[in-house]
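Chains X and L are the protein sequences, given in the same order.
If you're matching positions, the first sequence starts at 435 in this note's numbering and goes up one per residue.
If you're matching positions, the second sequence starts at 6 in this note's numbering and goes up one per residue.
Beta carbons: idealized from backbone N, C-alpha and C, even for Gly.
None of the values given here were measured: they were computed from a predicted structure.
Please read the structure below before turning to the comments.
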Amino acid sequence: MNRALRRISLASLIMFVALLINVNYLQGFQSNSLASEPSNSRAFAQKYQYQRGSITTADGVTIAASKPVSGVYKYQRHYTDGPVYAPVTGYDSIFGSTGIEAAEDKLLSGTDPTLTVRNLIDLLTGKQQEGASVQLTINSKAQQAAWNALRAMGKQGAVVAMNPQTGAILAMASYPSYNPNVYTTFNGTQLGNADKALRENQSQPLLNRAINATYHPGSTFKIVTSATAFGTGRYNPNSSVYAPNQLSLPQTTQKLINDSGEACGNGSGHVPLIDAFAQSCNTVFGAIGEHLGSAALKAQAEKFGFNDSHLTIPLPVSPSAFPLINEADFTAYSAIGQFDDQVTPLQEAMLSAAIGDGGKLMKPYLVQTVKASDLTTVQQATPTVLSQAVSPSIAGQVKSMMAQVVQSPIGTAHGIPGILSMSVAAKTGTAQSTINFGLDDAVFTAFSPVANPNIAVGVVIKGGGYGAAAAGPIAVQVIKAYQAYLGRT
Amino acid sequence: MSAITTQPGAGAGLPGSLDQLVPMPRNRRRTELLMLVFAIAVVTFAYSNVGFGLKGKLPPGIFEYCGGFAVLVIVAHLVVRRFAPWADPLMLPLAALLNGLGIVMIYRLQEVGRDGNPGIMSVPMTSSATSTQLIYTALGIAGFVAVLALIREPRVLQRYTYTLGALGLVLLAIPALLPARFSEVPGTTSKIQVAIGGFSLQPDEFGKLALAVFFAGYLVAKRDVLALAGRRFLGIDLPRARDLGPVVIAWVASLLVLFVESDIGTSALFFGLFVAMIYIATQRTSWLLIGVSLFVVGSLVASKLSSRIGVRFDVWLHPFAAGNPSGNAFQTVQGLYGMGFGGVLGRGLGGGQPYWTPLVQSDFIVTAFGEEIGLTGLMALLIIYGLIVQRGLRAAISVRDPFAKLLAGGLAFVLALQVFVIVGGVTRLIPLTGLTTPFLSQGGSSLVASWMMIAVLMRVSDTARRPAPQAIQDEGMTQVVRIR
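Below is the structure:
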């Protein structure tokens, strides 16, 4: 019987070898593909076993934190003033994340390679693993002011404020917004329903209008047109420029007029450029743009950050657009921020920031420092130059014109309540939009103080009407709140 | 055991020349004790590890549980010294290690998640699961002791061939005959237990042992008849038609188990046991082919007739197909996720999330090990099983008595088959069939039966390794012999 027993032994050996090969295949090779199965809850449940790092503003307000809860998941995310900060923080849910939660996920969850050594030490010392905390550049006062003003307006729109000298984003608000706390539930069905409701909402509360929606810049684009004009060396703010009441355009019978057909300046047909800028004469800038040509305008616009589809702050920013136009009439329209020009509210802030900072455009960023759970700094933001948009002298010339928009009695921003009590340079924009049924988009860009600005603001209110009426006061409130925080009222 | 030395004291005071002529092999009990202490150390370490993994401190009950476990296995060792001094020295430590790790895992699963995380358990475990398992271990050791103490020679069992055969059939049939409320396992459709009050028993675990004895006794008696070739067909010696009787009976019985009790695993195990033993007894490949083809035909017919078995095949082939991961394949898929989550080195005891897998404490306990001690640990566990099987088969090969040979060979093979069916099932090597994982799964019947099986294997190996009686005096016709 021993021959049969040896064969039985061989059969047993084969069975064990088959099992060993199979578990090797399963645990050694299939581990990753199993982890990525949609119905595998272990990976995300593991994520909630550890305390995720908190997100705080630059002035120390905690806006997102993980709190211990009882259940399968040990920590649950909680957002303070959720709707106010939602465009910044985004949300972190069991199905995915957005905003800073997504962009800084590896650091917040503690899985980033830079934290590996610390995690290992935590493991050895028996300390609970914890994610790194992220401190933003956001100033809670400016952010609150932006949100309050947007909510009071009650129309779709967004505000971005940044420090022109560093590129640090001080405020980024979008209205209407949503409460990210609805995404923190561990109940998949409930989460799915909440997400579906927000996605199907007509007013698109999930859309971060500050960086992911684009609007016509309207007259604020005259900053770019002016900068292009000064760059040729043939213009300065005091140049007397052609200012017809109506500008005839080639290839079309349509005539370009000023806001409501009024005369530019004293009606003589010629005005100093600075007055045309302050009054925001369409005919003047249409004519200059037509003269400069689309290629020159496009080159200048791109130095201000247009047509850049790779900008991340670290949230990905939708590109602002200035396409090359071959027709002269459309070039005239594009020179005053109409036709195919598109900007994000962030781009509006960047226009002011570049002019305010002597032509140097800093790369906007949201994350100031990242600190590990032991409070050692893991990452520290270093301001970087995105481009030298214009020379310092040209920046000074545009700056003087933007100051005049506020200071001059004919300036379009002169009448904004409270603006004269502060040192502000600005440009208004009122963009005709075919989709709003007659209501124009209100656009506003400004920086303060004029001499050495510490804040640049971009505001867009969809269907808000005149930039000075709808967008301007919001920018003024944000500037006022930030200056009050800095102790300079 | 090639190391043969003179045993100290074996022939003290006797002529030295004789001792040198007939050396005594060492019985290796000291090796067994050393390995046992090592097993206890591993179990204690693993138990502490669970506490640190779950709560960051030594778990409560470390002295009670690990101390109790140590006392039980040391008692088993002392009993082996007394009743089976020549038995294989590795079987007891290997079985003890598996049993201890099973207790550790049941404690770990009972505590569910880290730092009081309640987890999701489809069949919740009571807070007394660990102490209950320790009591079952005590019962298992008691069974082990009883077998070694009562059955001093394997051939004693041969006397009860037909008694045990009848008992085995009764044990197998009880759950099928009882109403579902007594025999159905909660949450399943399997009728494999006898539940009265809070106490439940799975008689088929013992039926397996009884039938192995019956098969061994029956086949030893009939093997010449069965081996007798009837006709030769396609190069295979076919048995005579009337000799097919017992095979058909075993086949029908296993199909009966399959349909009435909805217990595919046990049915496969019985049939595999019978086919293997008939093959060992007759050495006729024809029996193997007949057995395997009967089983394949039976399975195919069953998968067509029973939708439940068809579902098992679907889950095996397409676990990730639409609807399956959240439906029929939920348990399988969660087990696979757990093993994948563990990866090569595992999450550490207490560091995984085995609670997602339904019934992880019984059929799927291997996936919990895979998740927490990783591929490395799981391979070690499989090798431990492999070693027990190997030691059992070795005893079968070296023992002279055909009955003991057949019994040990059958039992060792059925252990290998059981591990293959359940581990292969949860790791998707073969379709999943519900079986307990010997020594590891929660539950008393399986544990007691497994310990009794180890006792039988050790009894056979004791017989195999025991030196022949030796003369301690060499004069005259009458000799005093030493038998121990």
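### Task
Mind checking the stretch 404-438 of chain L against chain X and listing, in chain order, the residues whose C-beta falls within less than 8 Å of any C-beta there?
Under the 8 Å Cβ criterion, the stretch 404-438 of chain L contributes P407, K410, L411, G414, A417, F418, A421, L422, V424, F425, V428, G429, T432, R433, L434.
### Query
Can you name, in chain order, every residue of its own chain whose Cβ lies under 8 Å from the Cβ of D406/L, other than the five neighbours on each side?
Start at 1 with the first residue of the second sequence, and residue 406/L comes out as number 401. Cβ neighbours of D406/L beyond the five flanking positions: P159, R160, T468.
### Query
For S754/X, which option in T662/X, A769/X, K861/X, Q781/X has the closest C-alpha, if you only look at C-alpha atoms?
By 1-based counting over the first sequence, the position of residue 754/X is 320. Distance from the Cα of S754/X is smallest, within the candidate group T662/X, A769/X, K861/X, Q781/X, for Q781/X.
#### Entry: Where the stretch 382-397 of chain L meets chain B: residues whose CB sits under 9 Å from a CB there
Looking for chain B here will not work: the only protein chains present are X and L.
### Buried or exposed (CB count within 10 angstroms, at least 16 for buried), D93/L
On the second sequence, position 88 is the one that residue 93/L refers to. D93/L comes out buried.
### Query
Thinking just about the alpha-carbon of each residue, which of N635/X, Y617/X, K914/X is nearest to the one in N888/X?
Walking along the first sequence from the start, residue 888/X turns up at place 454. The candidate whose alpha carbon is nearest that of N888/X is K914/X.
#### Entry: Segments assigned beta strand (DSSP E), at least 3 residues, entirely inside the stretch 349-413 of chain L
none
### Query
Residues of chain L with a CB under 9 Å from the CB of R476/X: which are they?
Taking the first residue of the first sequence as position 1, residue 476/X is located at position 42. The contacting residues are Q339, Y342, G343, G345, F346, G357, Q358, W361, E376.
### Task
Give the residues of chain X in contact with P330/L, contact being defined as C-beta atoms less than 9 Å apart.
Residue 330/L sits at position 325 when you count from the first residue of the second sequence. Under the 9 Å cutoff, chain X gives E471, P472, S473, N474.
### Task
Have a look at I179/L, R433/L, S450/L, V199/L and flag the residue whose alpha-carbon is nearest the alpha-carbon of A452/X.
Stepping through the first sequence from its first residue, residue 452/X is reached at position 18. Nearest C-alpha to A452/X: R433/L.
### Task
Count the other C-beta atoms from every protein chain shown that fall within 10 angstroms of the C-beta of A46/L, then say buried if there are 16 or more, exposed otherwise.
Here residue 46/L refers to the residue found at position 41 when the second sequence is read from its first residue. Under this definition A46/L is an exposed residue.
### Message
Give the list of continuous alpha helix (DSSP H) stretches no shorter than 4 residues that lie fully inside the stretch 543-585 of chain X.
### Response
550-559
### Message
Using beta carbons (cut-off 8 Å, strictly below), is N458/X in contact with chain L?
### Response
Residue numbering aside, residue 458/X sits at position 24 when the first sequence is read from its first letter. Interface annotation, N458/X: in contact with chain L, CB-CB separation under 8 Å.
### Within the stretch 125-188 of chain L, ranges of the alpha helix (DSSP H) (whole runs, at least 4 residues)
134-155, 160-163, 166-182, 185-188
#### Entry: C-beta atoms of V894/X and P779/X nearer than 8 Å
Looking up residue 894/X in the first sequence gives position 460. Looking up residue 779/X in the first sequence gives position 345. Yes.
### Query
If you draw a straight line from the alpha carbon of L144/L to that of F74/L, how long is it in whole angstroms?
Sequence index remark: in the second sequence, residue 144/L carries index 139 (1-based). Sequence index remark: in the second sequence, residue 74/L carries index 69 (1-based). Cα to Cα, L144/L sits roughly 12 Å from F74/L.
### Message
When you compare the CB positions of L820/X and G739/X, do they come within less than 8 Å of one another, or not?
### Response
Taking the first residue of the first sequence as 1, we reach residue 820/X at position 386. Taking the first residue of the first sequence as 1, we reach residue 739/X at position 305. In contact: L820/X and G739/X (Cβ atoms closer than 8 Å).
### Neighbouring residues, chain X, relative to A401/L (Cβ below 7 Å)
Along the second sequence, read from residue 1 onward, the residue named residue 401/L stands at position 396. The contacting residues are L439.
### Query
In chain X, what lies closer than 9 Å to Y284/L by C-beta?
Walking along the second sequence from the start, residue 284/L turns up at place 279. The answer, in chain order, is A438, R441, I442.
### Query
Which residue comes first and which comes last in the alpha helix (DSSP H) that contains G771/X?
As a first step, residue 771/X must be located in the first sequence, where it is residue number 337. It is not in any alpha helix (DSSP H) - G771/X carries neither H nor E in the DSSP assignment.
### Query
Between S965/X and V495/X, is the Cβ-Cβ spacing less than 8 Å?
The structure shown has nothing for residue 965/X, since chain X only spans 435 to 923.
### Message
Between F88/L and chain X, is the shortest Cβ-Cβ distance under 8 Å, so that the two count as touching?
### Response
By one-based count along the second sequence, residue 88/L stands at place 83. So no, F88/L is outside the interface.
### Query
For R486/X, which three-state DSSP category applies?
If you number the first sequence from 1, residue 486/X lands on position 52. Correct three-state label for R486/X: coil.
### Query
Shorter than 8 Å from the beta carbon of A281/L to some beta carbon of chain X?
In the second sequence, residue 281/L corresponds to position 276, counting from 1. True, the Cβ-Cβ gap to chain X drops below 8 Å.
### Task
Note down, in chain order, all residues in the stretch 596-622 of chain X with a beta-carbon under 8 Å from any beta-carbon belonging to chain L.
Near chain L, meaning a CB-to-CB distance below 8 Å, no residue of the stretch 596-622 of chain X qualifies.
### Query
Between the Cα of A334/L and the Cα atoms of R313/L, A226/L, I378/L, which residue gives the shortest distance?
Position 329 of the second sequence, counted from the start, is the residue given in the question as residue 334/L. Of the candidates R313/L, A226/L, I378/L, the one whose C-alpha sits nearest the C-alpha of A334/L is R313/L.
### Task
Tell me whether G212/L is buried or exposed, calling it buried when 16 or more other Cβ atoms sit within 10 Å of its Cβ.
On the second sequence, position 207 is the one that residue 212/L refers to. Flag for G212/L reads buried.
### Query
Could you give the distance in angstroms between the alpha-carbon of K732/X and the alpha-carbon of D526/X?
Sequence index remark: in the first sequence, residue 732/X carries index 298 (1-based). Sequence index remark: in the first sequence, residue 526/X carries index 92 (1-based). K732/X and D526/X: Cα-Cα distance of roughly 39 Å.
### Message
Let's see if you can read the secondary structure: which residues bound the alpha helix (DSSP H) around H82/L?
### Response
Translated into positions along the second sequence, residue 82/L becomes position 77. H82/L -> alpha helix (DSSP H) spans 72-88.
### Query
If you drop the 5 nearest sequence neighbours on each side, which residues of the same chain put their C-beta closer than 8 Å to that of N870/X?
Indexing the first sequence from 1 puts residue 870/X at position 436. With a pLDDT of 46 at N870/X, under the threshold of 50, the modelled position of that residue is not reliable, and the figure given next carries that caveat. Contacts found: K896, G897.
### Query
Which residue comes first and which comes last in the alpha helix (DSSP H) that contains I657/X?
Your numbering for residue 657/X matches position 223 in the first sequence. Run containing I657/X: 656-665, per the alpha helix (DSSP H) assignment.
### Query
Is the stretch 757-772 of chain X in contact with the stretch 648-664 of chain X, if contact means three or more CB pairs nearer than 8 Å?
yes
### Query
Quick one: does L380/L have its CB under 8 Å from some CB of chain X?
As a working mapping, residue 380/L is identified with position 375 in the second sequence. Residue contact check for L380/L against chain X: a CB pair falls below 8 Å.
#### Entry: First through last residue of the alpha helix (DSSP H) which encompasses H725/X
Along the first sequence, one-based indexing puts residue 725/X at 291. Here the alpha helix (DSSP H) through H725/X covers 716-726.
### Task
Find the nearest neighbour of Q636/X within the set Y609/X, G622/X, V616/X, judged by alpha-carbon distance.
What you label residue 636/X is simply residue 202 of the first sequence in a count that begins at 1. Out of Y609/X, G622/X, V616/X, Y609/X has the C-alpha closest to the C-alpha of Q636/X.
### Message
Quick check on F325/L - is its C-beta less than 8 Å from some C-beta in chain X?
### Response
As a working note, residue 325/L is residue 320 in the second sequence. Yes - at least one Cβ of chain X is within 8 Å of the one on F325/L.
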